[in-house]
Structure formats: structure tokens, C-alpha cells
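For the record, the sequence lines run as chains C and U. Residue numbering for the first sequence follows this note's numbering, beginning at 2 and increasing consecutively. Residue numbering for the second sequence follows this note's numbering, beginning at 22 and increasing consecutively. First up is the structure itself, then whatever we jot down about it.
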Amino acid sequence: MLITAIRPDAELYRSWRAATNTPFWTLHPTLAHFQDLLARTTFPRWLWNTFFIAIVSTGISLVCGLLAGYALARLRFPMAGALGTSIFVTYLVPPTLLFIPLADIIRDFHLGNTPWALILTYPTFLIPFCTWLMMGYFKTIPKELEECARIDGATRFGAMVRIIFPIAIPGILSAGIFAFTLSWNEFIYALIFLSSPERKTVPVGVVSELIRGDIYFWGQLMAGALLGSVPVALVYSFFVEYYVTGLTGSVKG
Amino acid sequence: MAQVVLKDLNKKFDEVHVVKDVNLHVRDKEFVVLVGPSGCGKSTTLRMVAGLEEITSGEVHIGERLVNDLPPKDRDIAMVFQNYALYPHMTVYDNMAFGLKMRKFPKPEIEQRVREAATLLGIQELLKRKPRQLSGGQRQRVAVGRAIVRHPQVFLFDEPLSNLDAKLRVQMRVELKRLHNRLETTAIYVTHDQVEAMTLGDRVVVMKDGLVQQVGEPMEVYSKPRNKFVAGFIGSPAMNFIETTISDASGALYAETAGLRVRVPAGRASRLAPYKGQAVTLGIRPEDLREAAGGDPQDLVFEALVEVVEPLGSEILLDTRVGNQTLVARVDPTVRTKHHQKIRLAFIPDRIHFFDNNTDEAVA
């Protein structure tokens, strides 16, 4: 990806049988593709769109997932088990099936071609995902901790916010990172619900604007893909410590 | 400072009836221990007092108040859990201060109370640490400290010493007792360890299958068990049970089995008379058997075959066989015997217990 992004077109489109062909390095690295990408497309705009949509939908999903996960893990109410399973099942419904009725709803609410179309549809798979991840995490936290907090003078909600959530931070972070990545890379809803070039997200924009007709602008494509994956890579590396403990660990009393 | 009264307390989880009609009056400043095998409903009873478990039926009073519908935070209690339940993301100081902060105590008073409790428990140097940097015993102290800073009306302990190693457990047991003597707060303590129950409790409540079997002072429960379960549960090594038949000869009653014939003490004869010709269980604690001396009446002495000798230093445990029954005797360290040898043992007559085979109740 990096090599293609910095390779000038002359080298890029050289026949693979040419004597000077060097597939694994480039002789005259150039930033031309990046300049093209930033100047001639609305790439910065896409980045911002993707970022905004991913952050807001992750935020919404985390809040719902936290509360739902806590309720399913801790509260005793009729049909709790069945509800948990059915939430999981909704996660399994493929987007390729779901986008048809969703498109109908988006049209009814006149949300087509706005970021809100995605911000409100991404939670359809993010909330079940966060709920399940958080439910599993909450189950690893000894319930005596919050019982003790409730005896110490907290309400159930207070115990949840003051004791359980701080302990669950690794879990919350990993759910957040996963949700962020999922919505950052999401393709099909973004392709369908957004149409004007300046509203698009990175995965859709790169594909739809940099393949014109049947010509692939490989340099710009790769530059776009590279820039598009940098934020995700940053998020991962930044939280990797928490992230790992979130997937494997629990708390030791 | 308050009394705790449980009235006809019941708890059902779906179809499982785990606590059945428990009635108990814990007096002000009293230390009461609930003891029983796992699954006997003792923890559930405690959790109903704490408000962590809904009450199926019955009443719980703390002080003068009926607390059935009060949330745990309004019951003015403090609880120590088996796994300590220290908040892992807070320092020891914050752990201990949490309850006071939630109740909006002024900062200086929180500070003063936490320091006081820390001094009492010898954990002043640990206040800035996180729970994971503490040893088991230290965590235990912090958990107790967190309970005492609040000056609650009642302490609830749910097997607080079970996670400690044997030596530390004995040490903390003494400390808890000392602490209770000093603070004089009503306490309910749950354990499955009968030694803890005996040593800590002003009174002991023995439970089994959700039912209270016996309530009494430790020595009373020990020396006058109301039924076979209590007799077997309290005391280590456990009481010996011997299947015998009651017969009478020359005006006295005898409990008989193969290789053993014991005269029923005169004071007990009238109660046992109706059992003539029937089977009853004879119970005798290991320490109530001793090596027979020349002057012992013949109808309290029997001959046993020594199978295992366990010298404990201060005493010797003998696993012996009489007929087809095994009996454990706790004898003086001066007794010299080896396995496969025969030894003559004598009953201490007024320490013999009899149990009805149908009801398991003591026949006293």
C-alpha cells in the first residue's frame, strides 16, 4: 500500500516484463498522489465525515450497550436470558439484508444523504455488539463489590456508576475501539445512504471517486487507503494495553 | 447499637425453599454466629438482613424498625464479604472513606474516623496503597476497617476468614473477638467452620436445610445438642455414633451392641424406658472416652482394637474398632499403645447422649 502510494505513475504502469521493473521498491518516490488526493478530491472532508460519524455512533452505542449489558448481567427480570439471546441474534442479521428496510425508514425520516442516516443505522449492529461484550465483562466483576457499595450507602445506579464502570474501563475501551473500527470501515450502509461526494466516508469515497469509469487510480487509491487506516492504527496502538486486558482480563479482588 | 429480630423468615428461589421459618432474636451488643454446612441457608439469611436478597415472607427488624422494604443503604448496617469486595480502583483510604462520603460526612470527620479505624487495625501505613498491593490478611483488615468507620448499628460477616490460610485465620479470629469486645456492636457472623462458631459466638445458631436446628451458647450447644445433626456437626473430631439396642436386666437399662454393653445412667433410665427392645443411637464424644482404670465399674468399660494412633502432642487420637463399629477416642498423651493392640476404654457416664432413631432428636 505504501509503495504504490509513493510510486510515480510512470513506474506504476510499467509493464511487469520490462527490464527496469522493480515490484518491491521504487526508484523515484513521490508525494504526487497524496497531493492529488488532497487537492483534487474531497478526501479531507471524507476523513472528517468518517470521524464524526464513527465517534457519535460509537458514543451512542457505548451508552446503550453499557446500560443494557449491565441490566442483562446483573438484574433479575423475567425473560432476561431470552432477551440477551435475541439481542445477539439481531447482531447476526446481515447488513446486506437489513439495508433494504432501513433505506425505507431513512427516506421516511428524510435523513438520506446526511451523516445522521449512518449515525442512526450503525447502532443497529454496534449496540448488540457492545451489549454482548459488556455483558461478558460485567459478569467477571464480583457482584459483592456493588453489594458492598449499596450497603455503604449507594443506590444501585450509584454503585454502577461509581464502582462498576470505573472497574470496567478496560472493557468499555475495548468495546469502544471495536465499535469505532467497525463504523470507520463500514461500507454498505455508507454506500447506500450517502450520495453527494462531499458527504461520503473514506471507504466509500475512495472507491467511488477514485475509480472513474473503469480506470483505477491506483496511486490515489492507495494513498487514500493509507491515510484512512492511520487513525484506526493510532487508536489501536494508543489503547492496546487496555484493549488486551479488556479482552482477556477481569478484576482480582 | 441495636437488636435484630427475624420473624418467620422464608426465602424461596423459584421452587427451592432455602430458608424456612427462621425465628431469631439477636440482642443488642450480641455476637451471634450462624453455622451450618454449605447450602443450609445461612448466607441467604444474612443477605436478607442486609437487604441484598428479597424476603419471600416474614419480617426483619433492625433496632425498632421493620426493614423489609428498606434498601440496603438505609438499614444502617455494614457487611464484610468473603472475598473482601474491596474496590480495586480506589486506595485503602478511599475504600474506607467511601461509605462516609456517600453519606456526605464532612471531610475532617471522614479523615478522623478513617485514621481511628486504621490505628485500631494497625493499617495506618497502608492507607495510600491499592488493594492489589496488599496481602490476604491486610485486605481482610481493610474490609473490616471499611465496616467499622461507619459506626453502624449492626455488623454482618459473611465467611470473612475463609480465604485466609489456617494460621492467619486463627489470628484474625482472635482480633475480631477483641474488636467486638471493644466496639460492642451487634454482629451476625456466618461461617461453615464450627471452630469459628464456637470461639467467636456469644450464641451459636446451627442451621441445616434452611431450618434452625438449635440456638444456644457455644458450650450449651456442644454439651447438650438437641439432635443428632448438631451433635455430629459441632466438635472435632466428630461425636461417635453407635447403633445400640436398649434392653433391661436386673432392674437397670443397658445399651447393647456387638462387643459393647453400657449401663444407662440411672438419671436417664426413665426417659429411655419406652425404648426398651428398640434401637437407639448412642453418642459419645472422643474426649468422653478414656483409658479404663482398675476401679471403673465393669458396665461402663469395653475392649477395643486400636487401628490407628494419631499423636497430636497434647493428646492422642485413637481410631479403634469395637465389633463392627469404629470409635475415635481422645486420650491422654501418657497412654502407651500401638496399632493392632487391644485397649480397655471407659465411658464417662453423664456425657453419654442418646438419639431417637426415627426423629434423630436427643433423648435426654
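We put the beta carbon where it would ideally sit given N, CA and C, even for glycine.
Worksheet entry | Nearest to Arg86/U (by Cα), restricted to the options Val70/U, Val101/U, Glu75/U and Thr77/U | Residue mapping note: residue 86/U aligns to position 65 of the second sequence, counting from 1. Measuring from the Cα of Arg86/U, the nearest candidate turns out to be Val70/U.
Item to complete: Using a Cβ cut-off of 8 Å, pull out every chain C residue sitting near Ile131/U, in sequence order please.
Response: The residue you call residue 131/U lines up with position 110 of the second sequence. Residues of chain C passing the Cβ test: none, with the nearest at roughly 12 Å.
Worksheet item: Do Asn114/C and Arg46/C have their C-beta atoms closer together than 8 Å?
Response: In the first sequence, residue 114/C corresponds to position 113, counting from 1. In the first sequence, residue 46/C corresponds to position 45, counting from 1. Contact: no.
Practice prompt. Would you tell me roughly how many angstroms separate the C-alpha atoms of Val227/U and Phe176/U, rounded to the nearest one?
Written response: For the purposes of this step, residue 227/U is taken as residue 206 along the second sequence, with counting starting at 1. For the purposes of this step, residue 176/U is taken as residue 155 along the second sequence, with counting starting at 1. Near 19 Å, if we compare the C-alpha coordinates of Phe176/U and Val227/U.
Discussion item. Any beta carbon from chain C within less than 8 Å of His110/U's own beta carbon?
Written reply: Along the second sequence, read from residue 1 onward, the residue named residue 110/U stands at position 89. Yes, because at least one Cβ of chain C sits closer than 8 Å to the Cβ of His110/U.
Discussion item. Give me the residue from Lys33/U, Val191/U, Arg160/U and His46/U with the minimum Cα distance to Gly60/U.
Written reply: Taking the second sequence and counting its residues from 1, one reaches residue 60/U at position 39. Ranking Lys33/U, Val191/U, Arg160/U and His46/U by Cα distance to Gly60/U puts Lys33/U first.
Worksheet entry | Beta-carbon proximity of Thr202/C to Thr51/C, cut-off 8 Å | The residue labelled residue 202/C in the question sits at position 201 within the first sequence. The residue labelled residue 51/C in the question sits at position 50 within the first sequence. In this structure, Thr51/C lies closer than 8 Å to Thr202/C by Cβ.
Practice prompt. Using three-state DSSP, classify Leu222/C as helix, strand or coil.
Written response: Here residue 222/C refers to the residue found at position 221 of the first sequence. Here Leu222/C sits in helix by DSSP.
Item to complete: For Gly304/U, name the three-state secondary structure that DSSP assigns.
Response: Counted from its first residue, the second sequence places residue 304/U at position 283. DSSP places Gly304/U in strand when its eight states are reduced to three.
Worksheet item: Under a CB-based cut-off of 8 Å, is Arg151/C close to chain U?
Response: Start at 1 with the first residue of the first sequence, and residue 151/C comes out as number 150. Yes, Arg151/C lies at the interface with chain U (some Cβ there is under 8 Å from its Cβ).
Item to complete: List the DSSP bridge partners of His374/U.
Response: On the second sequence, position 353 is the one that residue 374/U refers to. Its beta-bridge partners are Gly304/U.
Worksheet item: Which whole-angstrom value describes the C-beta separation of Trp219/C and Ala55/C, a residue pair presumed to lie in contact below a C-beta threshold of 8 Å?
Response: Here residue 219/C corresponds to residue number 218 of the first sequence, with the count starting at 1. Here residue 55/C corresponds to residue number 54 of the first sequence, with the count starting at 1. The pair is not a contact, with the Cβ atoms about 26 Å apart (cut-off 8 Å).
Worksheet item: Comparing the C-beta of Ala155/C with each C-beta of chain U, is any distance below 8 Å?
Response: Taking the first sequence and counting its residues from 1, one reaches residue 155/C at position 154. Closer than 8 Å: yes.
Worksheet item: Between the Cα of Ala259/U and the Cα atoms of Lys297/U, Ala273/U and Tyr243/U, which residue gives the shortest distance?
Response: Indexing the second sequence from 1 puts residue 259/U at position 238. The residue with the shortest Cα to Cα distance from Ala259/U is Tyr243/U.
Worksheet item: Do the stretch 257 to 275 of chain U and the stretch 359 to 369 of chain U make contact, defined as three or more Cβ pairs closer than 8 Å?
Response: no
Worksheet item: Is there a Cβ from chain C that is less than 8 Å from the Cβ of Ala99/U?
Response: On the second sequence, residue 99/U is found 78 positions in, with the first residue counted as 1. Closer than 8 Å: yes.
Worksheet item: Quick one: does Ile168/C have its CB under 8 Å from some CB of chain U?
Response: Taking the first sequence and counting its residues from 1, the one referred to as residue 168/C is at position 167. Answer yes: the Cβ-Cβ gap between Ile168/C and chain U drops below 8 Å somewhere.
Discussion item. Would Ile173/C pass as an interface residue toward chain U - the criterion being a Cβ-Cβ separation below 8 Å?
Written reply: One-based indexing of the first sequence puts residue 173/C at position 172. For Ile173/C, the answer is no, since every Cβ of chain U falls outside 8 Å of its Cβ.
Practice prompt. Starting from the C-beta of Gln234/U, find all residues in its chain whose C-beta is less than 7 Å away, skip the five residues before and the five after it, and write them out in chain order.
Written response: Position 213 of the second sequence, counted from the start, is the residue given in the question as residue 234/U. The answer, listed in chain order, is Val227, Met228, Arg247, Asn248, Phe250 and Val251.
Practice prompt. Decide if Val88/U is buried, meaning its Cβ has at least 16 other Cβ atoms within 10 Å, or exposed.
Written response: The sequence position of residue 88/U within the second sequence is 67, counting from 1. Val88/U should be labelled buried.
Worksheet item: Could you give the C-beta distance for Gly154/C and Gly120/U, rounded to a whole number, given that I count them as a contact under 8 Å?
Response: Position 153 of the first sequence, counted from the first residue, corresponds to residue 154/C. Position 99 of the second sequence, counted from the first residue, corresponds to residue 120/U. Right, their Cβ atoms sit about 5 Å apart.
Fill in: Contact with chain U by Pro143/C, beta-carbon distance below 8 Å
Translated into the one-based positions of the first sequence, residue 143/C becomes position 142. Yes, Pro143/C lies at the interface with chain U (some Cβ there is under 8 Å from its Cβ).
Item to complete: Check whether the stretch 43 to 63 of chain U touches the stretch 218 to 227 of chain U, taking contact to mean three or more Cβ pairs, one atom from each stretch, closer than 8 Å.
Response: yes
Worksheet entry | Segments of 3+ residues assigned as beta strand (DSSP E) that fall wholly inside the stretch 58 to 88 of chain U | 78 to 83
Fill in: Cβ-based neighbour list, Tyr114/U, same chain, cut-off 7 Å, excluding 5 preceding and 5 following
In the second sequence, the residue the question calls residue 114/U occupies position 93. Same-chain partners within the cutoff: Val135, Leu148 and Lys149.
Practice prompt. Could you check if Phe178/U is buried or exposed, using at least 16 other CB atoms within 10 Å of its CB as the buried criterion?
Written response: The sequence position of residue 178/U within the second sequence is 157, counting from 1. Buried, by the Cβ-count rule.
Item to complete: Grab me the residues of Ala150/C's own chain with a C-beta within less than 6 Å of its C-beta, minus the 5 sequence neighbours each way, in chain order.
Response: Residue numbering aside, residue 150/C sits at position 149 when the first sequence is read from its first letter. Closer than 6 Å at the Cβ level, and outside the excluded window around Ala150/C, lie Ala160 and Ile164.
Item to complete: Flag this pair as touching only if the stretch 166 to 178 of chain C and the stretch 208 to 219 of chain C have three or more C-beta atom pairs under 8 Å; answer yes or no.
Response: no
Worksheet item: What do you get for Ala180/C, buried or exposed, if any count of 16 or more other CB atoms within 10 angstroms of its CB means buried?
Response: Here residue 180/C is taken as the residue at index 179 of the first sequence, counted from 1. Ala180/C is buried by the Cβ-count criterion.
Discussion item. Measuring alpha carbon to alpha carbon, tell me which residue in Ile131/U, Val165/U, Lys128/U and Arg124/U is nearest Ile144/U.
Written reply: Within the second sequence, the letter at position 123 stands for residue 144/U. Nearest of Ile131/U, Val165/U, Lys128/U and Arg124/U to Ile144/U, Cα basis: Val165/U.
Worksheet entry | Listed by chain order, chain C residues near Leu73/U by CB distance under 8 Å | Sequence index remark: in the second sequence, residue 73/U carries index 52 (1-based). Within 8 Å Cβ-Cβ: Glu148, Arg151 and Ile152.
Fill in: Within 8 Å, strictly: CB atoms of Met135/C and Leu28/C
As a working mapping, residue 135/C is identified with position 134 in the first sequence. As a working mapping, residue 28/C is identified with position 27 in the first sequence. No, the pair does not count as a contact, with Cβ atoms beyond the cut-off.
Item to complete: Using a cut-off of 7 Å between C-beta atoms, extract the partners of Ile164/C located in chain U.
Response: Within the first sequence, residue 164/C is the residue found at index 163, counting from 1. In chain order: Tyr108.
Discussion item. Please confirm whether Phe102/U has its beta-carbon closer than 8 Å to some beta-carbon of chain C.
Written reply: Residue numbering aside, residue 102/U sits at position 81 when the second sequence is read from its first letter. Yes, Phe102/U lies at the interface with chain C (some Cβ there is under 8 Å from its Cβ).
Item to complete: State the DSSP-derived secondary structure class of Pro93/U, mapped to helix, strand or coil.
Response: As a position in the second sequence, residue 93/U is number 72, starting the count at 1. In this structure, Pro93/U counts as helix in the three-state DSSP scheme.
Worksheet item: Taking Cβ to Cβ, would you say Val43/U is nearer than 8 Å to Leu67/U?
Response: Walking along the second sequence from the start, residue 43/U turns up at place 22. Walking along the second sequence from the start, residue 67/U turns up at place 46. It is not a contact, given that the beta carbons lie outside the stated cut-off.
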